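S.K.: Input: one structure, supplied below.
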Amino acid sequence: MIAEGGLAALWLAAALSLLQLFLGAAALRPGGEGLLRLVRPVAVAQGLLAGLAFLMLIWLFLRTDLSVRLVAANSHSMKPWLYKFAGAWGNHEGSMLLWVTVLAVAGGFVALLERRLPQKTLIATLAAQATIGLGFYAFLLFASNPFTCRFPVPAEGNGLNPLLQDPGLAFHPPTLYFGYVGISVAFSFAVGALITRDVGPAFARAMRPWVLGAWIFLTLGITAGSYWAYYELGWGGWWFWDPVENASLMPWLAATALLHSVTVLATRDGLRAWTIMLAVVAFSMSMIGTFLVRSGILTSVHAFAVDPRRGAFILVLLLLYIGGALALYGLRVGTVKEGSKFDFLSREGALVANNLLITVILGVVFVGTIYPLITEALGTKISVGPPYFNAAAGPVALILVAIMGAGPMLRWRRDDLAKLAGRIALPVLLGAAVLLGLVLLAPGVGILPLLGLTVALAIGAASVAPLWGRKLRRTPLFTWGMVIAHLGIAVALAGMASESAFTKETLVAARPGQAARVGPYTVRFDGVDPIAGPNWTAIEATLTAWRGENGGRFEMRPQARMFSSPPTPTSEAAIRTMLDGQLYIAIGEEDEQGRWQLRLWWKPFVTLIWLGGALVAFGGLLSLVGRLRRERKTRPNVEAEPREALA
Amino acid sequence: MKPKNQRLVLIVLALAAVGGAVILAMSAMRDQAAFFYAPADVARRGLPTGDRAVRIGGMVKQGSLRRHPDGVTIDFLVGDETAHTIPVRYTGITPDLFRENSGVVAEGRFQQNGRFVASEILAKHDENYMPPEAAGERHKSETLR
């Protein structure tokens, strides 16, 4: 009965989104003003119904109701409850339902909370939102219904892919979906503004919190996904340039560019057409991300669908949405009025440079991700891997980060080169000193990591510069946000460069009692024991490690696990975090002579990568809170954005 | 600068950025993209020219897996539907689901004598997962027959 209820709620929500689209379109016609106030309640109801359908699915999973095909195929009564709960979106149908639920609920919030936009623009926004939702409702109901029942009811479910049985799963997909959907809301705002020819600072201020929120979630999702790959796959790598990773990186890059240009539009009324274009690009990227991950084109832990019909369905949706967005942009961009102008040596100029460089990186990642798919369709297989991405995107990223350090020290409108030189002298000197020191003390470091460390330290210093000479207590929260986010980039860059420059790796086959060295550590292999968990058994190795000659000893216990349903081996690395890095140990197989394969890594400062990611997201959060508080204060007079407002 | 000109300059810059990205991507692609070889391709096209990283893929041949005395190096043969095979050597811990008679994709370089020295064996995520290239191979051969 619950399954039928869920399906009914889903159909009703789909019908309401159709109604929302038609009401919106009718209300925007001359003489349709009477319908304007009907659209908001419909959007709210649609959000409630989609949320209800999703709650029903979670309920089915928590009860392990095996009469539902999806539950039987992806769950198991013996699973810990957290994975029953998270298992609701650990599969194709459930994750698409989550997608559409987040979209509908976000639409409901826009309808409830947005009061700054002119009503017509808001209605156009909600209509655009309904259009996006409709495609996904159709996809769910016709090609991937999560509530299909099966008969006869099986005695037990198939269980969940053990790699997904990790606390990270509970949060990773929703986090990324909040990001994707936030971007689609921002895009709907852009469409609304294009339709009512109302592109200006008021529109930018309404859109900005959504962009910022989406960007925070994408940052968190990417950071968490990277850490998951690092500790769960047992490979010691934190970024593989896997198409699935790129699928989340591309929307992030576009959202980063959009975030900066929307700030110019909101505070300076510049970059109007460009901001709309970026909203279109960011939306296209999040659609392509969904398409890549969900169509089954890529086979990976993310690709639940291998049904070619579904892939074709999403591809058609993708073409319709992106094509429609670009067509609308092409038709209406001529009506977007010129914004106010600025010198190239100015804050706006630096933000334009930021946008252009991000566009270049986005292009590089896009080509590297899509090109192999196209050539494969045409019959030639090529594999594009880390060497390509690092060589093509790395240098551009370094320039981008360097500009990021200088940008906040520039004034709006126009600035003076000599004065700028004085302001950036200290960070540049610091960077030069670091470069010199590294070349002298640590020869043999690759050119990219070397420059990475240099730039990281220089901009680490430069990023806090906007706080110099200010009263810290009176500095606006969003300025703090910018400083912390930029500092986070520097911290993450330092971690990446340090990891690739200084990692030490040892691979041994050891008998109990033998010891091996990795970096400053000695690791002794003490032996293995069989152990058992709730739904797995494992071989657990015990190792004793110490630093230098006689540092404090500690134990590490990597496991080779075997999950029972479905029967799958996984490797659980043992990781010990120190202040200056991580010791990482994975266990392999036993050979005929009773030796065990051990892979030991010493990764100096690798944790900075994710700490940096978390700082970036935290900076975004401060900025969001700061903006919202400032806007509440200034609401009576929305036109007067304070002059000294910063990104 | 007049506003109209400024917009023009911005458009030109944006186009230049996108064009630059594509040129950068294409040139890096020519140097760095690893081409994919199935065992039959090696027989047909010969070894890749130059010292370039490539990927190979197919099935690990039953009975071909041999371990070296150092405990961490293995040799095995990768085969496909044809009779051709590629000898592969790899030093490291193999992915969880690496075993005989199962799909594999390896990245590395060919030696002059035709042996493939793998720097990386790509992980398979679960028992249903097939590396895209290997899945494609199988799919193609299935549809052709």
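From first to last, the protein sequence lines are chains A and B.
Using the numbering used here, you'd call the opening residue of the first sequence number 755 and step up by one each time.
Using the numbering used here, you'd call the opening residue of the second sequence number 2 and step up by one each time.
Cβ atoms here follow ideal geometry from the backbone N, Cα and C, with glycine treated the same way.
Predicted model only: the values in this text are computed from it and were never measured.
Tell me which residue opens and which closes the alpha helix (DSSP H) that glutamine 883 (chain A) is part of.
M.R.: Counting from one through the first sequence, the residue named residue 883 (chain A) turns up at place 129. Residues 873-892.
S.K.: For threonine 1113 (chain A), return the contacting residues in chain B, with the cut-off set at a CB-CB distance below 8 angstroms.
M.R.: Residue mapping note: residue 1113 (chain A) aligns to position 359 of the first sequence, counting from 1. Neighbours of threonine 1113 (chain A) on chain B, chain order: Ala15, Ala18, Val19 and Ala22.
S.K.: What number of angstroms, rounded off, separates the C-alpha of glycine 889 (chain A) from the C-alpha of leucine 1071 (chain A)?
M.R.: On the first sequence, position 135 is the one that residue 889 (chain A) refers to. On the first sequence, position 317 is the one that residue 1071 (chain A) refers to. Approximately 6 angstroms, taken between the alpha carbons.
S.K.: Please name the residue or residues paired with methionine 1332 (chain A) in a DSSP beta bridge.
M.R.: For the purposes of this step, residue 1332 (chain A) is taken as the residue at position 578 of the first sequence. Answer is A:Gly1335.
S.K.: Please name the residue, chosen from A:Leu792, A:Gly933 and A:Ala958, that lies closest to leucine 880 (chain A) on a Cα-to-Cα basis.
M.R.: On the first sequence, residue 880 (chain A) is found 126 positions in, with the first residue counted as 1. Among A:Leu792, A:Gly933 and A:Ala958, the Cα nearest to that of leucine 880 (chain A) belongs to A:Leu792.
S.K.: Report the option in A:Ala1251, A:Phe1067, A:Leu1297 and A:Val1237 whose CA atom is closest to the CA atom of alanine 1264 (chain A).
M.R.: If you number the first sequence from 1, residue 1264 (chain A) lands on position 510. Nearest C-alpha to alanine 1264 (chain A): A:Leu1297.
S.K.: Please state whether the Cβ-Cβ distance between proline 1005 (chain A) and glycine 1043 (chain A) is less than 7 angstroms.
M.R.: Residue 1005 (chain A) sits at position 251 when you count from the first residue of the first sequence. Residue 1043 (chain A) sits at position 289 when you count from the first residue of the first sequence. Result yes, Cβ atoms of proline 1005 (chain A) and glycine 1043 (chain A) sit closer than 7 angstroms.
S.K.: Let me see if you follow: with CB-CB separation under 7 angstroms, is proline 1323 (chain A) close to chain B or not?
M.R.: Against the first sequence, residue 1323 (chain A) aligns to sequence position 569. Output row for proline 1323 (chain A): interface = yes.
S.K.: For leucine 857 (chain A) and chain B, any beta-carbon pair shorter than 7 angstroms?
M.R.: Reading the first sequence from its first residue, position 103 is the one you call residue 857 (chain A). No, leucine 857 (chain A) lies away from the interface with chain B (no Cβ there is under 7 angstroms from its Cβ).
S.K.: Quick one: Cα of isoleucine 823 (chain A) to Cα of proline 1312 (chain A), how far?
M.R.: Taking the first residue of the first sequence as 1, we reach residue 823 (chain A) at position 69. Taking the first residue of the first sequence as 1, we reach residue 1312 (chain A) at position 558. The sequence given here places arginine at residue 823 (chain A); isoleucine does not occur at that position. Their backbone Cα atoms lie some 36 angstroms apart in a straight line.
S.K.: May I ask you to report which of helix, strand or coil DSSP gives proline 1 (chain B)?
M.R.: With chain B covering only 2 through 146, there is no way to say anything about residue 1 (chain B).
S.K.: So, does the CB of glycine 115 (chain B) fall closer than 7 angstroms to a CB anywhere in chain A?
M.R.: For the purposes of this step, residue 115 (chain B) is taken as residue 114 along the second sequence, with counting starting at 1. No, glycine 115 (chain B) lies away from the interface with chain A (no Cβ there is under 7 angstroms from its Cβ).
S.K.: Assuming threonine 977 (chain A) and glycine 1367 (chain A) make a contact with CB atoms under 8 angstroms, what is their CB distance in whole Å?
M.R.: Within the first sequence, numbered from 1, the residue matching residue 977 (chain A) stands at position 223. Within the first sequence, numbered from 1, the residue matching residue 1367 (chain A) stands at position 613. Rounded, the Cβ-Cβ distance is 3 angstroms, consistent with contact.
S.K.: Alpha carbon to alpha carbon, what distance is there between serine 28 (chain B) and glycine 954 (chain A)?
M.R.: Counting from one through the first sequence, the residue named residue 954 (chain A) turns up at place 200. Counting from one through the second sequence, the residue named residue 28 (chain B) turns up at place 27. Computed Cα separation, rounded: 40 angstroms.
S.K.: Among A:Gly1139, A:Leu948 and A:Gly1287, which residue has its Cα nearest to the Cα of threonine 1089 (chain A)?
M.R.: Position 335 of the first sequence holds residue 1089 (chain A). Nearest C-alpha to threonine 1089 (chain A): A:Leu948.
S.K.: Please report the straight-line C-alpha distance between threonine 1361 (chain A) and proline 921 (chain A), rounded to a whole angstrom.
M.R.: Position 607 of the first sequence, counting from 1, holds the residue named residue 1361 (chain A). Position 167 of the first sequence, counting from 1, holds the residue named residue 921 (chain A). Approximately 19 angstroms between the Cα atoms of the pair.
S.K.: Which class does alanine 1314 (chain A) belong to by DSSP, given the choice of helix, strand or coil?
M.R.: Your numbering for residue 1314 (chain A) matches position 560 in the first sequence. Strand.
S.K.: In the structure shown, what three-state DSSP assignment does phenylalanine 148 (chain B) receive?
M.R.: The structure shown has nothing for residue 148 (chain B), since chain B only spans 2 to 146.
S.K.: So with CB distances below 7 angstroms, who are the chain A contacts of alanine 26 (chain B)?
M.R.: Residue mapping note: residue 26 (chain B) aligns to position 25 of the second sequence, counting from 1. Ordered by position in chain A, the residues that pass the 7 angstroms Cβ test against alanine 26 (chain B) are Gly1117, Val1118, Val1121, Gly1122 and Ala1146.
S.K.: For a contact defined as C-beta to C-beta under 7 angstroms, what are the partners of glutamine 1351 (chain A) on chain B?
M.R.: The residue you call residue 1351 (chain A) lines up with position 597 of the first sequence. Those are Gly72, Val73 and Ile94, listed as they occur along chain B.
S.K.: CB-CB under 8 angstroms to glycine 1214 (chain A), same chain, minus the five flanking residues each way: which ones, in chain order?
M.R.: What you label residue 1214 (chain A) is simply residue 460 of the first sequence in a count that begins at 1. Taken in chain order, the residues that qualify are Leu1241, Ala1244, Val1245 and Ala1248.
S.K.: Output the boundary residues of the alpha helix (DSSP H) element that contains arginine 1123 (chain A).
M.R.: Position 369 of the first sequence, counted from the first residue, corresponds to residue 1123 (chain A). It is worth fixing the name first, because residue 1123 (chain A) is threonine in this sequence and not arginine. 1101-1131 is the span of the alpha helix (DSSP H), which, as asked, contains threonine 1123 (chain A).
S.K.: From this set, A:His846, A:Ala1299 and A:Val1034, which residue's C-alpha is nearest phenylalanine 1279 (chain A)'s C-alpha?
M.R.: Position 525 of the first sequence, counting from 1, holds the residue named residue 1279 (chain A). Nearest C-alpha to phenylalanine 1279 (chain A): A:Ala1299.
S.K.: Taking the straight line between their C-alpha atoms, what separation do you get for leucine 966 (chain A) and tyrosine 931 (chain A)?
M.R.: Here residue 966 (chain A) refers to the residue found at position 212 when the first sequence is read from its first residue. Here residue 931 (chain A) refers to the residue found at position 177 when the first sequence is read from its first residue. One C-alpha to the other measures close to 14 angstroms.
S.K.: For the alpha helix (DSSP H) containing threonine 977 (chain A), name the first residue and the last one.
M.R.: Translated into the one-based positions of the first sequence, residue 977 (chain A) becomes position 223. That run of the alpha helix (DSSP H) goes 955-986.
S.K.: Using a C-beta to C-beta distance shorter than 8 angstroms, which residues of chain A count as neighbours of leucine 98 (chain B)?
M.R.: Here residue 98 (chain B) is taken as the residue at index 97 of the second sequence, counted from 1. Result: Thr1322 and Pro1323.
S.K.: Using a cut-off of 7 angstroms between C-beta atoms, extract the partners of glutamine 63 (chain B) located in chain A.
M.R.: For the purposes of this step, residue 63 (chain B) is taken as residue 62 along the second sequence, with counting starting at 1. Simply none; closest approach about 18 angstroms.
S.K.: Spell out a yes or no on whether the stretch 104-120 of chain B and the stretch 87-95 of chain B are touching, meaning 3 or more CB-CB pairs, one atom from each, closer than 8 angstroms.
M.R.: The stretch 104-120 of chain B vs the stretch 87-95 of chain B: in contact.
S.K.: So the beta strand (DSSP E) isoleucine 122 (chain B) belongs to, where does it begin and stop?
M.R.: The residue given as residue 122 (chain B) occupies position 121 in the second sequence. Here the beta strand (DSSP E) through isoleucine 122 (chain B) covers 117-122.
S.K.: Select from A:Ser1325, A:Asn1289, A:Trp992 and A:Trp964 the residue whose C-alpha is nearest the C-alpha of serine 829 (chain A).
M.R.: Taking the first residue of the first sequence as 1, we reach residue 829 (chain A) at position 75. Minimum Cα distance to serine 829 (chain A) is reached at A:Asn1289.
S.K.: Using a beta-carbon distance cut-off of less than 8 angstroms, what residues from the stretch 76-92 of chain B approach chain A?
M.R.: Residues passing the 8 angstroms Cβ filter: Thr92.
S.K.: To the nearest whole angstrom, what separates the beta carbons of arginine 764 (chain A) and leucine 895 (chain A), a pair I think is in contact under 8 angstroms?
M.R.: Locating residue 764 (chain A) in the first sequence gives position 10, counting from the first residue. Locating residue 895 (chain A) in the first sequence gives position 141, counting from the first residue. The amino acid at residue 764 (chain A) is misidentified as arginine; the sequence shows leucine. With 8 angstroms as the limit, leucine 764 (chain A) and leucine 895 (chain A) qualify as a contact, their Cβ atoms being about 7 angstroms apart.
S.K.: Work out the CA separation of proline 1220 (chain A) and tyrosine 985 (chain A) for me, nearest whole Å.
M.R.: Start at 1 with the first residue of the first sequence, and residue 985 (chain A) comes out as number 231. Start at 1 with the first residue of the first sequence, and residue 1220 (chain A) comes out as number 466. Rounded to the nearest angstrom, the two C-alpha atoms are 36 angstroms apart.
S.K.: Short check: CB of alanine 1104 (chain A) to CB of glycine 1161 (chain A), under 7 angstroms?
M.R.: Sequence index remark: in the first sequence, residue 1104 (chain A) carries index 350 (1-based). Sequence index remark: in the first sequence, residue 1161 (chain A) carries index 407 (1-based). Closer than 7 angstroms, so yes.
S.K.: On the DSSP letters alone, give me the boundaries of the beta strand (DSSP E) that methionine 60 (chain B) sits inside.
M.R.: Numbered from 1 along the second sequence, position 59 holds the residue referred to as residue 60 (chain B). Residues 55-61.
S.K.: Which residues bound the alpha helix (DSSP H) around phenylalanine 1232 (chain A)?
M.R.: Taking the first sequence and counting its residues from 1, one reaches residue 1232 (chain A) at position 478. Counting along the chain, the alpha helix (DSSP H) containing phenylalanine 1232 (chain A) begins and ends at 1231-1256.
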